[in-house]
Amino acid sequence: MYDVLIIGGGVCGAAVAMYLSKYDIKCALLEKENDIAMGTTKANSGIVHAGYDPEPDTLMARLNVRGSELTEELCKKLSVPYKKTGSLVVAFDSKDEAHIRKLYDRGMENGVRGMELLDKESLFELEPNLSEKAVGALYAPSAAVVNPWRFCIAMCETAAENGVEFYLDSEVTSIEKINGCFAVTAGGRTFDTKYIINAAGIYADDVASLVGARDFEIKASKGQYFLLDKTQSGLVNTVVFQCPTEKGKGVLVSPTADGNIIVGPNAESGNERDDVSTTREGLDFVAAEAAKTTSKINYRENIRSFSGLRANSDKSDFIIGESDLCRHFINVAGIKSPGLSSAAAIGEYVAELIADCGLIMTEKEQWNYPAPKVRFNELSNVEKERLCKENPKYGNVVCRCNLITEGEILDALDSKIKPRTLDGIKRRAGSGMGRCQGGFCGPRVHEIIANYYNIPMEEVLLDKNGSYIVCGKVGGEE
Ligand SMILES: Cc1cc2nc3c(=O)[nH]c(=O)nc-3n(C[C@H](O)[C@H](O)[C@H](O)COP(=O)(O)OP(=O)(O)OC[C@H]3O[C@@H](n4cnc5c(N)ncnc54)[C@H](O)[C@@H]3O)c2cc1C
Numbered sequence: 002m003y004d005v006l007i008i009g010g011g012v013c014g015a016a017v018a019m020y021l022s023k024y025d026i027k028c029a030l031l032e033k034e035n036d037i038a039m040g041t042t043k044a045n046s047g048i049v050h051a052g053y054d055p056e057p058d059t060l061m062a063r064l065n066v067r068g069s070e071l072t073e074e075l076c077k078k079l080s081v082p083y084k085k086t087g088s089l090v091v092a093f094d095s096k097d098e099a100h101i102r103k104l105y106d107r108g109m110e111n112g113v114r115g116m117e118l119l120d121k122e123s124l125f126e127l128e129p130n131l132s133e134k135a136v137g138a139l140y141a142p143s144a145a146v147v148n149p150w151r152f153c154i155a156m157c158e159t160a161a162e163n164g165v166e167f168y169l170d171s172e173v174t175s176i177e178k179i180n181g182c183f184a185v186t187a188g189g190r191t192f193d194t195k196y197i198i199n200a201a202g203i204y205a206d207d208v209a210s211l212v213g214a215r216d217f218e219i220k221a222s223k224g225q226y227f228l229l230d231k232t233q234s235g236l237v238n239t240v241v242f243q244c245p246t247e248k249g250k251g252v253l254v255s256p257t258a259d260g261n262i263i264v265g266p267n268a269e270s271g272n273e274r275d276d277v278s279t280t281r282e283g284l285d286f287v288a289a290e291a292a293k294t295t296s297k298i299n300y301r302e303n304i305r306s307f308s309g310l311r312a313n314s315d316k317s318d319f320i321i322g323e324s325d326l327c328r329h330f331i332n333v334a335g336i337k338s339p340g341l342s343s344a345a346a347i348g349e350y351v352a353e354l355i356a357d358c359g360l361i362m363t364e365k366e367q368w369n370y371p372a373p374k375v376r377f378n379e380l381s382n383v384e385k386e387r388l389c390k391e392n393p394k395y396g397n398v399v400c401r402c403n404l405i406t407e408g409e410i411l412d413a414l415d416s417k418i419k420p421r422t423l424d425g426i427k428r429r430a431g432s433g434m435g436r437c438q439g440g441f442c443g444p445r446v447h448e449i450i451a452n453y454y455n456i457p458m459e460e461v462l463l464d465k466n467g468s469y470i471v472c473g474k475v476g477g478e479e
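Every number in our numbering is 1 more than the matching position in the sequence shown, counting from 1.
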């Protein structure tokens, strides 16, 4: 019998798993895909928002501000790419100026530290490439950018290191309540548990229906992006927003934690929950909006377009708490933006909630962060030389764009939560994330995976189940 089962291996489920791993309880996480960080967590802007956006006295406001503090600290401990760039909300006319003053006041109420209202001159000192039409901005120095999937994976690995069990390819398809406990069916197995955390992202309402607790609805809203090559780094130094509208935070231009520039997203409603396609129309809209911020975006340097799906609910705040319709079933649902920024605080808060619901939680005496992995491209020449002598696999460069070595690919394969796909390796080691987007390293990573698992090349997947790369040998058998 488990004490707690977490449904969903996105950044929220990951944070809950990590915080719960600090206690002497039996806990597992069930994820329907073949890897963690496969949902909204892998496709968003990667911003750790300062916290001036949410309405005061909401969970969103409180968890955003707390989450932003925790994320900085955690990323250092977990070796996750994080840069405290600060953010700007740029005003282009007097209506916008009134809006940023409102955001400033709201931020003060929410406890955001260090904000300033900048005039045109100070704004252009920070961001010389902005449109001449900009007249001022709200500056929030505590905003940052983070690599969202590395953050999620690092928290999951920490949880695994400290005893949480992970089950991939385990879609929860039924939940039965028996004598106050739950029998959860997932991936052909049954798990008995006292508590459930529903962190199933855009599917959280479907999961709630499995126990008759669907008192909210999720509607997916797609956001599309351009990701520019590192050659464009320096175009902006901070996260640059325009004034938000009722549809969301609007199109931003921002550095990423890995040194690229990201431009997007738009906001499309009425999406299918599995539609992460990009469209000419959506990307044209993004480019037209971003042109108001700066005319200097060079789309010839675009290396990837992608989209992510917001989990918009019919409630204005995050839905976090024990369901009114089912005892010991705790929703972490409707986690739209700033969900990434808030995730760590959500994990911390949910651990308190479960204790309040009656689970006896004793803190463990021993709890460890996993040992940091080798990041060859971050080492000095002396360290690189020493490492290659110790293990020549680190001397074999597989991804030329990002200088990722065979040793790092093998380290990724040896992870506590083992990836089996090219994109799973990409999310952990960073191969295929550069200018050629895997054109050069893809076949080599493919071969390393096949050798590692001792499986034929045809069985290696790019990403989700079914995403086969090759179907056999040209000319039949050798
Ligand atoms: C376009 C866009 C931009 C954004 N930008 C930002 C930003 O800059 N900053 C910010 O703070 N937030 C941002 N967000 C929000 C942020 O990305 C999300 O709040 C966060 O990723 C949500 O994480 P999650 O764990 O709740 O959901 P997910 O990452 O979607 O994880 C849910 C998991 O549950 C699994 N699952 C679903 N059903 C089942 C089932 N039946 N059984 C087992 N597993 C199941 C899914 O496969 C998935 O892995 C953005 C979102 C979008 C879409």
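The beta carbon of each residue, even a glycine, is placed where N, CA and C say it ideally should be.
Beta strand (DSSP E) runs wholly inside the region 159-246, at least 3 long, in chain order: Fully enclosed beta strand (DSSP E) runs of 3 or longer: 166-168, 173-179, 182-187, 190-199, 219-229, 240-242.
Using the C-alpha atoms, what's the distance from M362 back to D120? Counting from one through the sequence shown, the residue named residue 120 turns up at place 119. Counting from one through the sequence shown, the residue named residue 362 turns up at place 361. When rounded, the separation of the alpha-carbon atoms in D120 and M362 is 51 Å.
Nonlocal neighbours in the same chain, by C-beta distance under 6 Å from L388, ignoring five residues either side: Along the sequence shown, read from residue 1 onward, the residue named residue 388 stands at position 387. Y395, listed in sequence order.
Whether V254 touches I298 by CB criterion (8 Å): Here residue 254 corresponds to residue number 253 of the sequence shown, with the count starting at 1. Here residue 298 corresponds to residue number 297 of the sequence shown, with the count starting at 1. Yes. Within cutoff.
When the Cα of D275 is compared with those of D318, K220, N267, which residue comes out closest? The residue labelled residue 275 in the question sits at position 274 within the sequence shown. Taking only the C-alpha atoms, the option nearest D275 is K220.
For K84, the residue or residues it bridges with in DSSP: Within the sequence shown, numbered from 1, the residue matching residue 84 stands at position 83. V146, per the DSSP bridge assignment.
Excluding five sequence neighbours on each side, which residues of the same chain lie with their C-beta closer than 6 Å to the C-beta of Q163? Translated into the one-based positions of the sequence shown, residue 163 becomes position 162. First, the amino acid is wrong: residue 163 is Asn here, not Gln. For N163, where only same-chain residues beyond five positions count, the Cβ hits under 6 Å are S22, W368.
Which residues in the same chain as F450 place their Cβ atom closer than 6 Å to its Cβ, once the five residues preceding and following it in sequence are excluded? Your numbering for residue 450 matches position 449 in the sequence shown. A small fix is needed here, since residue 450 is Ile in this sequence, not Phe. Around I450: V461.
In the DSSP assignment, find the alpha helix (DSSP H) that holds A99 and state where it starts and stops. Numbered from 1 along the sequence shown, position 98 holds the residue referred to as residue 99. Counted as a single uninterrupted DSSP element, the alpha helix (DSSP H) harbouring A99 occupies residues 95-111.
Give the C-beta separation of I198 and V351 to the nearest angstrom, bearing in mind that I take them to be a contact with Cβ-Cβ under 8 Å. Numbered from 1 along the sequence shown, position 197 holds the residue referred to as residue 198. Numbered from 1 along the sequence shown, position 350 holds the residue referred to as residue 351. Between I198 and V351 a beta carbon distance of about 6 Å is seen, short of the 8 Å cut, so the two are scored as contacting.
Starting from the C-beta of K223, find all residues in its chain whose C-beta is less than 6 Å away, skip the five residues before and the five after it, and write them out in chain order. Looking up residue 223 in the sequence shown gives position 222. Shown here for K223: same chain residues with a beta carbon closer than 6 Å to its own, the five before and five after excluded, namely E269, N272, S308, L310 in chain order.
Just how far apart, CA to CA, sit K427 and M434? The residue labelled residue 427 in the question sits at position 426 within the sequence shown. The residue labelled residue 434 in the question sits at position 433 within the sequence shown. Whole-angstrom Cα-Cα distance: 7 Å.
Alpha carbon of D206 to alpha carbon of E366, nearest angstrom: In the sequence shown, counting from the first residue as 1, residue 206 sits at position 205. In the sequence shown, counting from the first residue as 1, residue 366 sits at position 365. For D206 and E366, the gap between their C-alpha atoms comes out near 37 Å.
Endpoints, the beta strand (DSSP E) within which I320 is located: Along the sequence shown, read from residue 1 onward, the residue named residue 320 stands at position 319. Its beta strand (DSSP E) spans residues 320-323.
Cβ of I48 within 7 Å of any heavy atom in ligand 1? Working through the sequence shown from its first residue, we reach residue 48 at position 47. The answer is yes for I48.
Using only CA atoms, which one of L380, V471, N378 lies nearest to L423? Here residue 423 refers to the residue found at position 422 of the sequence shown. Nearest C-alpha to L423: V471.
Using the Cβ count rule (16 or more neighbours within 10 Å means buried), how would you classify T294? As a first step, residue 294 must be located in the sequence shown, where it is residue number 293. The residue is buried, with at least 16 neighbouring Cβ atoms inside 10 Å.
Pick out whichever of R436, S381, N452 has its Cα sitting closest to the Cα of L414. Position 413 of the sequence shown, counting from 1, holds the residue named residue 414. Cα-wise, what sits closest to L414 is N452.
Distance cut-off 7 Å: N272 Cβ against heavy atoms of ligand 1: As a first step, residue 272 is located in the sequence shown; it is residue number 271 there, counting from the start. With a threshold of 7 Å, the Cβ atom of N272 does not count as near ligand 1, since no heavy atom of the ligand is closer than that.
Using three-state DSSP, classify R428 as helix, strand or coil. Stepping through the sequence shown from its first residue, residue 428 is reached at position 427. Assignment of R428 by DSSP, reduced to helix, strand and coil, places it in the helix class.
Once the 5 residues before and after G40 are set aside, which same chain residues still bring their CB inside 6 Å of it? For the purposes of this step, residue 40 is identified with residue 39 of the sequence shown, where counting begins at 1. Correct list, in chain order: G11, G202.
Which one of E34, C28, K43, Y3 has the shortest CA to CA distance from R429? If you number the sequence shown from 1, residue 429 lands on position 428. The residue with the shortest Cα to Cα distance from R429 is K43.
Which residues in the same chain as P57 place their Cβ atom closer than 7 Å to its Cβ, once the five residues preceding and following it in sequence are excluded? Counting from 1 along the sequence shown, the entry for residue 57 is found at position 56. Here the set comprises R107, E110, N111.
Quick one: is the Cβ of N378 within less than 7 Å of any heavy atom of ligand 1? In the sequence shown, counting from the first residue as 1, residue 378 sits at position 377. When distances are taken from the beta-carbon of N378 to the heavy atoms of ligand 1, even the shortest one reaches 7 Å or more.
With a threshold of 16 other CB atoms inside 10 Å of the CB of A214, please say whether the residue is buried or exposed. Taking the sequence shown and counting its residues from 1, the one referred to as residue 214 is at position 213. Buried: at least 16 other Cβ atoms inside 10 Å.
So P266 packs on S46, CB below 8 Å; how close in whole Å? Reading the sequence shown from its first residue, position 265 is the one you call residue 266. Reading the sequence shown from its first residue, position 45 is the one you call residue 46. That belief holds up - the Cβ atoms of P266 and S46 are roughly 7 Å apart, short of 8 Å.
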